[in-house]
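Chains as they are written, first to last, in our numbering: chain A, 6 to 487; chain B, 8 to 362.
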């Protein structure tokens, strides 16, 4: 992974930077000892790491503003960090950057059930947002797998999704307002507790911009009443293609499940060995979950199983009670852990049109054989967001590179099928150099012009999202101006 | 379209169907040539169409497959006295949503991807046609609701949803605005998936809509009525056509059609709606989105923003005249970003911005 060479002039001013940060931040909020900054050298994409120059953990929007204004004045790059759970290297530092972590900012600022909103500081974890309102019967809908650990700041930066977005949407659909601090320290309020901010949709633009346009310190989130109940059905099929066709038929029939999860044989076998969920012996299985009260659930599951039976399922297993429902989900929820037991893996995140599932699954199988590495598939089938897991041995020389090359080919296949490189993890550094495969030069230029407006010196979260060659001239303009 | 924009030497106003009254002072640049549904995959909940495609054509195409646009775009013609036919591009450029916005999301929430021509004549694609896509910056959201200020939307990919089997509603009578907003908040905070919550102070009527399978609608209406017992007896309406008629009226603000005066659209927190309605001193009001959207009809020339004072939200004049600009003012930091984006995407100032 190429990263720009650190700027020696910035490295040489570390002591001055730390001293000036200490003028307005508490001592514990400025970390500069290399033994301690090492804890911030990577995120959940552990294949890449680089200790930052320093780490700051401000406690308020005002402190964030002062940090950014100072770094802006000194020309120091800043890498915003939520909880560090990015699978795309979104919070990977450079040696000449300051990590700005929001981990100390976790307060609930306001809750209004009648306005169905909650306002939080963005260091708060995703699950604890729901935790703040669940006693009143509400929840925050986006539910990324890392929701126990991941912060709202990172959710907004990456526009995170989850298993239930077929019905509830992703972060951008559940974000009402945000306090955003620009790189020069300017604080702007976007949206609020009302729906649809006036003017240009800058809130929608900031959401998913991977921390490159501003640092979001507070967010107003939409909360929803919890459904009365939910129940899954498990269905096994003789091939991935048949399972894929069944997904399209279910959606077409007018039933809108909250989740349709897919697992193929390699993944089923791994999770059976790990979690003994009692899954059927088949090539592919679907877990479909619907919500409502008992009568509604019966009705919807009736329609779904009727559709499934047209595809000659190996097995259809409805959950009769809570225990059976938990067992159906057990394997799916332990899938990533099970794969981790088998060795190292790279988790991909391409999305494709649901109608292309059979073809792309076939193509992944061919590529897997060609590169000699196993690929297991477990993903959100209802929205076409695939998560092929490439299994490899990090200790075997060259295997990481082979796995990355295979991953790139799989993502290109997703784009070729009318899909995209990343459905919910973000581009980060991981997919940065594949952007040319999805976007024409004019498409990328338009995005980079937005960056020019929000952060003219290109200091925020450097060397992410855009291919280095494509952004070089703009980043170069910054250096020339100094 | 790209050539037309690149060749323009005087300001142009982008026109879809011309129904929103947004026609500015520039030379009209029509999207009518960009018409037609290019792809509809019912099993993938996806539709791709040219920006000039009439909305009616899109909706008819979807209806044949039992699908619809869930954000329920309003038709401005009756309210604004305009003619023509609403287009898909106009709906997206204006982020035009209807009553179901409160539950399902706005037009912008259903845009999967789009193509646009910026002020230099450059063609830009963003997003795609898949349900989940975080690849690169989200210019789709930026263009939705931009009202032609950054570029001409030429093609849109949309997420569509199954149309429910049927619909029903509860009608509550005689509530004042404060009680009505409380009833709507209770309904929208219930697990019964209310997809419309509106109140007409003149009629003293509050409508709550439920959609789904027939048995589901019956069950939910019954439970919802029980949950709202404190607000008085609720009339249950199960005639789907009658329900559709009421909600089309809410969507298009039918109560204001043909009545004189300026019309304002106020977005606010629902809980602030009663106070805002009281401060507005309007001749007529209609609350949608559980109170999150207030339509106000006031005398021509009324200084409504001054009456409303500061609140969490914004007010836009959609019809009539007055001493203030129609669009809400922006805070300095936001205005600087807006201006920066306009300079980048339309450096020659070719897109008329008064619309």
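Each residue gets a CB set at the ideal place from its N, CA and C atoms; glycine is no exception. Values in this document were obtained by computation on a predicted structure and should not be read as measured data.
If we cut at 8 Å on Cβ distances, does residue i have a partner in chain A?
i	result
residue 222(B)	yes
residue 143(B)	yes
residue 323(B)	yes
residue 362(B)	Bear in mind that the predicted position of residue 362(B) carries a pLDDT of just 43, short of 50, making it too unreliable to give a figure here.
residue 131(B)	yes
residue 344(B)	yes
residue 304(B)	no
residue 246(B)	no
residue 295(B)	no
residue 285(B)	no
Could you work out which residues of chain A lie near residue i, taking near to mean beta carbons separated by less than 9 Å?
i	result
residue 146(B)	210, 448, 451, 452, 455
Just checking: is the beta-carbon of residue i within a distance shorter than 8 Å of some beta-carbon in chain B?
i	result
residue 199(A)	yes
residue 147(A)	no
residue 188(A)	no
residue 295(A)	no
residue 300(A)	yes
residue 16(A)	no
residue 103(A)	no
Using a C-beta to C-beta distance shorter than 8 Å, which residues of chain A count as neighbours of residue i?
i	result
residue 319(B)	197, 198, 199
residue 126(B)	Residues of chain A passing the Cβ test: none, with the nearest at roughly 12 Å.
In chain A, what lies closer than 7 Å to residue i by C-beta?
i	result
residue 347(B)	458
residue 278(B)	117, 119, 120
residue 153(B)	205
residue 53(B)	358
residue 299(B)	199, 200
Please list the partners that residue i has in chain B, where partner means a Cβ-to-Cβ separation under 9 Å.
i	result
residue 230(A)	195, 196, 197, 198, 199, 200
residue 5(A)	Beyond the ends of chain A as shown, which are 6 and 487, falls residue 5(A); an answer cannot be given.
residue 8(A)	Ordered by position in chain B, no residue passes the 9 Å Cβ test against residue 8(A), which lies about 19 Å from the chain.
From the options, pick the residue whose C-alpha is nearest to that of residue i; which is it?
i	options	result
residue 249(A)	265(A), 261(A), 237(A), 234(A)	265(A)
residue 293(A)	274(A), 267(A), 227(A)	267(A)
residue 4(B)	164(B), 296(B), 292(B), 176(B)	Since the first residue shown for chain B is 8 and the last is 362, residue 4(B) is missing from the structure and cannot be characterised.
residue 190(B)	81(B), 204(B), 132(B)	204(B)
residue 325(A)	333(A), 319(A), 45(A)	333(A)
residue 188(A)	84(A), 298(A), 22(A)	84(A)
residue 168(B)	47(B), 52(B), 262(B)	52(B)
residue 115(B)	165(B), 83(B), 173(B)	165(B)
residue 142(A)	69(A), 229(A), 10(A), 246(A)	229(A)
residue 152(A)	11(A), 131(A), 299(A), 349(A)	131(A)
residue 212(A)	158(A), 257(A), 199(A)	158(A)
residue 104(B)	81(B), 90(B), 260(B)	81(B)
residue 201(B)	17(B), 214(B), 287(B)	214(B)
residue 313(B)	220(B), 159(B), 331(B)	331(B)
residue 467(A)	27(A), 62(A), 101(A)	101(A)
Give me the chain B residues within the contact set of residue i, using Cβ-Cβ distance strictly less than 7 Å, ordered along the chain.
i	result
residue 426(A)	142
residue 444(A)	143
residue 191(A)	340
residue 257(A)	49, 50
For residue i, which residues in chain B fall below 8 Å Cβ to Cβ?
i	result
residue 494(A)	Because chain A in this structure spans residues 6 to 487, residue 494(A) falls outside the shown range and cannot be described.
residue 388(A)	137, 138, 139
residue 254(A)	50
Given 8 Å as the limit, is there contact between the segment 320-339 of chain B and the segment 173-185 of chain A, that is, 3 or more CB pairs closer than that? no
Cβ-based contacts, 7 Å cut-off: residues of the segment 346-361 of chain A near chain B: 356, 357, 358, 359, 360
For the 8 Å Cβ check, are there 3 or more pairs between the segment 131-143 of chain B and the segment 63-74 of chain B? no
Would you list, in chain order, the members of the segment 248-268 of chain B that have their beta-carbon closer than 9 Å to a beta-carbon of chain A? none
When Cβ atoms are compared, which residues of the segment 203-214 of chain B fall closer than 9 Å to chain A? none
Check whether the segment 371-385 of chain A touches the segment 115-125 of chain B, counting contact only when three or more Cβ pairs, one atom from each stretch, lie closer than 8 Å. no
Is it true that the segment 162-173 of chain A meets the segment 134-150 of chain A, where meeting means three or more beta-carbon pairs spaced less than 8 Å apart? yes
Cβ-based contacts, 7 Å cut-off: residues of the segment 37-49 of chain B near chain A: 48, 49
Determine contact between the segment 428-441 of chain A and the segment 138-148 of chain B, defined as no fewer than three beta-carbon pairs at a distance below 8 Å. yes
Below 8 Å, how does it come out for the segment 351-361 of chain A and the segment 410-423 of chain A: are there three or more Cβ pairs, yes or no? yes
Contact list for the segment 79-91 of chain B against chain A, Cβ threshold 9 Å: none
Please list, in chain order, the residues of the segment 166-177 of chain A that have any C-beta partner in chain B closer than 8 Å. 166, 170, 171, 174, 175, 177
Would you check if there are 3 or more beta carbon pairs closer than 8 Å linking the segment 286-306 of chain A to the segment 233-241 of chain A? yes
Specify whether the segment 96-105 of chain A and the segment 255-265 of chain A touch according to this definition: at least 3 beta carbon pairs, one from each stretch, less than 8 Å apart. no
Output needed in chain order: residues of the segment 373-406 of chain A with a Cβ under 7 Å from some Cβ in chain B. 388, 389, 390
So does the segment 100-120 of chain B actually touch the segment 142-155 of chain B, counting three or more Cβ pairs closer than 8 Å? yes
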